[in-house]
Structure formats: C-alpha cells, structure tokens
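Undergrad:
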Amino acid sequence: MGGQRTALVTGGGSGIGRAIALRLAADGFATAVLDLDAAAAERVAAEAGDKGYRAAAFGGADVSDRAQVDVVVQRVRDTFGPVAVLVNNAGLSGFKKFMNITDDLWDRILAVNLSGPFYCAQAVVPGMEEAGWGRIVNISSSSAQSGQQLMTHYVASKAGLIGWTKALALELGPKGITVNTIPPGFIDTPMLRDSADGGMLGASVDDIAALTPVRRAGTPEDIAAACAFLASEEAGYVTGQVIGVNGGRNT
Ligand code: NAP
C-alpha cells in the first residue's frame, strides 16, 4: 500500500498512550492523538511535530460517547485519511471496596474501558475493511490475568476487553485486520504513581520493582515497542493474542 498510514491513539495525551503516539509517529504513521484532556493531546502532537513527525491533536473527545467518537473519527479521516491502526488505550482506573461500588461508578468504568473500544472500533473498521488492512491494539491490564484487590470494576472491564479482542480477531481476520491486546503490568505512569501515592499498591514503587523478575518498573516505551510491532506489516500473522509486557510478573 502506498502513502502514509494513519494511526489513532486514544488517551494519547498521557503515560502509555503518549509513548505509543510518539512511537507510531516515529515509525511513519500520521498519528492522531485523541484525549479527553485537550491540552495534553496538543502537547503530545506538538512534541511529535517538533521531532519532524506527522501528528495532530484531537482533544476533548470522550471515548465513552459514541456520538463524540463518530465525530472525532470523521475529523481524523478528513485530516489524515482512513484510520489503519487503532490503539484503544484510554482507560479509567480506581480503587474501591466491592460493596462500595455504586451503579454509576461501575457503569462509568465499563463505559470508558469497554464501550469506548467498541465505539472506536465500529467507527474505523469499515475503512479498514475497504483497505483490506488494519491493526487494532487494545491496552488491557495484567490485573485481568492476576486479579487485583479493590478493582473488581476495573478488572471486569479489562477482562472483557481481552475476551472481546479474541472474538473480534476471529471475525476480522479474513478482512486483513488483526486484533491483539497488551495487558501492561506495573508501568511507571501518572496512573501508577496516583495508585502508589494513595497507598493502593501495598508497597512503594521501588519495593515492588525489587520484587519484579526483571528488577524494575516498566516504562511507557516498553508498551509502545510491543504496540509498534503489533501495528507493523510483519505482525500480520499475529492476531487474537494477549501479549504480556510486565517484567515477568504475569505469565
Ligand atoms: P494515564 O496516564 O492516566 O493516561 C490515560 C489517558 O487517557 C489520560 O490522558 C486520560 O485523560 C485519558 N482518558 C481517560 N478517560 C478518557 C476518555 N473517556 N476518553 C478519552 N480519553 C480518556 O494512564 P496510563 O497509566 O498511561 O494508562 C493507559 C492505559 O493502560 C489504560 O487503559 C490503563 O488502564 C492501562 N494500564 C496501565 C497500567 C500501568 O501500570 N500504568 C497497568 C495496566 C493497564 P484525563 O487525564 O483527562 O483523564
């Protein structure tokens, strides 16, 4: 296929999404940085632009709102052309005792972490089918492999994302579209620091790193590297897979 392919990274303004957006832009994708936080999306797009890459910010869009997703995906298409790579990274975390989880909180976590990827994929899959080529990478969580206390709502949403990945891969494989999931584990981002600062991890980041097989916390760039492979031409025979990037904490 000639021309530059378009990548759309949700939650691209911070942490793992920022690293993925910068990496895909460096790899030659015209990169759309979508984030609820418009200023953060602008910063990341400018960072990519400063390095000579092609990127643009699509800020203020909430992936849990189908109408907003449809509008923003159309804007991305108008700017860069149809989306060839979708990275569903935007996510909402949180710690709450099971019996204290309200209906509203449950619904919000499911809406962002599971319905968001559903809306985004439905918005881009027709274009991928037309092109006969596409890559969908879902950023789930190692907590869906191991369980995580005080996170039943979050873990349920991420486990749903893993199952959804496997089922969607079967359906889209014949169309030239791969669907995979990366469940990150213990990646040093604002989300992880918030959890550690709130005493939710049961130990400091350094103490947990000392118990991790590779003896360090992960970096957003570790996730971006795996994502870049899954988005590449040569990953065409990899689909429906759960690619753990967690320093050996979960296998
Ligand atoms: P982060 O630093 O909090 O970044 C998440 C970004 O997503 C933020 O910029 C956030 O914007 C945006 N976002 C949140 N809700 C959104 C929505 N409804 N629509 C659009 N954008 C939205 O988090 P991170 O640690 O990089 O996490 C990225 C992904 O990795 C998440 O799906 C997370 O569950 C997953 N993950 C992370 C770890 C880890 O160790 N860090 C482990 C397992 C899984 P606002 O700031 O405006 O909310």
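Numbered by my numbering, the letters in the sequence shown go through residues 25 to 275 in order.
The C-beta atom is built at its ideal place from N, Cα and C for all residues, glycine as well.
For clarity, every value in this text was computed on a predicted model and none was experimentally measured.
Let me know the secondary structure DSSP gives residue 142 once reduced to three states.
TA: Indexing the sequence shown from 1 puts residue 142 at position 118. Three-state result, residue 142: helix.
Undergrad: Between the alpha carbons of residue 88 and residue 163, how many angstroms are there, rounded?
TA: Translated into the one-based positions of the sequence shown, residue 88 becomes position 64. Translated into the one-based positions of the sequence shown, residue 163 becomes position 139. Taking the straight line from one Cα to the other gives about 15 Å.
Undergrad: Where does residue 174 sit, in a helix, a strand or coil, going by DSSP?
TA: Start at 1 with the first residue of the sequence shown, and residue 174 comes out as number 150. Residue state, collapsed to three classes: coil.
Undergrad: Under a three-way DSSP split, which group does residue 94 fall into?
TA: The residue given as residue 94 occupies position 70 in the sequence shown. It is helical.
Undergrad: Kindly indicate which three-state DSSP category residue 162 falls into: helix, strand or coil?
TA: Taking the first residue of the sequence shown as position 1, residue 162 is located at position 138. It is a strand residue.
Undergrad: Report back the beta-carbon spacing between residue 80 and residue 56 to the nearest angstrom; my notes put them in contact at under 8 Å.
TA: Within the sequence shown, the letter at position 56 stands for residue 80. Within the sequence shown, the letter at position 32 stands for residue 56. 6 Å between Cβ atoms; contact.
Undergrad: Mapping DSSP to helix, strand and coil, what is residue 103?
TA: Sequence index remark: in the sequence shown, residue 103 carries index 79 (1-based). In the structure shown, residue 103 sits in a helix (DSSP, three-state: H, G or I).
Undergrad: Of the residues 159, 177, 102, 275, which one's Cα is nearest the Cα of residue 124?
TA: On the sequence shown, position 100 is the one that residue 124 refers to. With distances taken between Cα atoms, residue 124 lies closest to 177.
Undergrad: Go ahead and pull the three-state DSSP assignment for residue 54.
TA: Within the sequence shown, the letter at position 30 stands for residue 54. It is a strand residue.
Undergrad: Using 8 Å as the Cβ pair cut-off and three pairs as the minimum, do the region 156 to 176 and the region 197 to 212 touch?
TA: Yes, since at least three Cβ pairs between the region 156 to 176 and the region 197 to 212 fall closer than 8 Å, the two stretches touch.
Undergrad: Select from 152, 187, 154, 102 the residue whose C-alpha is nearest the C-alpha of residue 276.
TA: Residue 276 lies beyond the range of the chain shown here (25 to 275); nothing can be said about it.
Undergrad: Go through its chain and collect everything with a Cβ distance to residue 25's Cβ below 8 Å, but skip five positions before and after it.
TA: Counting from one through the sequence shown, the residue named residue 25 turns up at place 1. Legend: pLDDT at residue 25 = 44, less than 50; position of this residue unreliable, no value from coordinates given.
Undergrad: Relative to the C-alpha of residue 99, which residue among 253, 32, 49, 150 is closest?
TA: If you number the sequence shown from 1, residue 99 lands on position 75. Nearest C-alpha to residue 99: 32.
Undergrad: What does the Cβ neighbour count give for residue 182, buried or exposed, with the cut at 16 atoms within 10 Å?
TA: Walking along the sequence shown from the start, residue 182 turns up at place 158. With 16 or more other Cβ atoms within 10 Å, it is buried.
Undergrad: On the DSSP letters alone, give me the boundaries of the alpha helix (DSSP H) that residue 247 sits inside.
TA: The residue you call residue 247 lines up with position 223 of the sequence shown. Taken as a continuous stretch (DSSP letters only), the alpha helix (DSSP H) holding residue 247 covers 244 to 255.
Undergrad: Which residues does DSSP pair with residue 59 in a beta bridge?
TA: Reading the sequence shown from its first residue, position 35 is the one you call residue 59. Per DSSP, 83.
Undergrad: What is the DSSP secondary structure of residue 25, reduced to helix, strand or coil?
TA: For the purposes of this step, residue 25 is taken as residue 1 along the sequence shown, with counting starting at 1. Residue placement at residue 25 is poorly supported in this model, since its pLDDT is 44, which falls under 50; the coordinates still yield a value, given next. The answer is coil: DSSP assigns residue 25 none of H, G, I, E or B.
Undergrad: Who are residue 111's beta bridge partners in DSSP?
TA: As a first step, residue 111 is located in the sequence shown; it is residue number 87 there, counting from the start. Looking at the DSSP assignment, residue 111 forms a beta bridge with 33, 161.
Undergrad: Taking the alpha carbon of residue 258 as the reference point, which residue from 201, 266, 144 has its own alpha carbon closest?
TA: Here residue 258 refers to the residue found at position 234 when the sequence shown is read from its first residue. It is 201 whose Cα lies nearest to the Cα of residue 258.
Undergrad: Apart from the five residues on each side of it in sequence, which residues of its chain come closer than 7 Å, Cβ to Cβ, to residue 139?
TA: Working through the sequence shown from its first residue, we reach residue 139 at position 115. Counting only Cβ-Cβ distances below 7 Å, and skipping sequence neighbours, we find 88.
Undergrad: For residue 150, list the residues DSSP reports as bridge partners.
TA: Residue mapping note: residue 150 aligns to position 126 of the sequence shown, counting from 1. DSSP output for residue 150 lists no bridge partner at all.
Undergrad: Evaluate residue 30 with the Cβ neighbour count: other Cβ atoms within 10 Å of its Cβ, from every protein chain shown; 16 or more gives buried, anything less gives exposed.
TA: Numbered from its first residue, the sequence shown carries residue 30 at position 6. Buried, by the Cβ-count rule.
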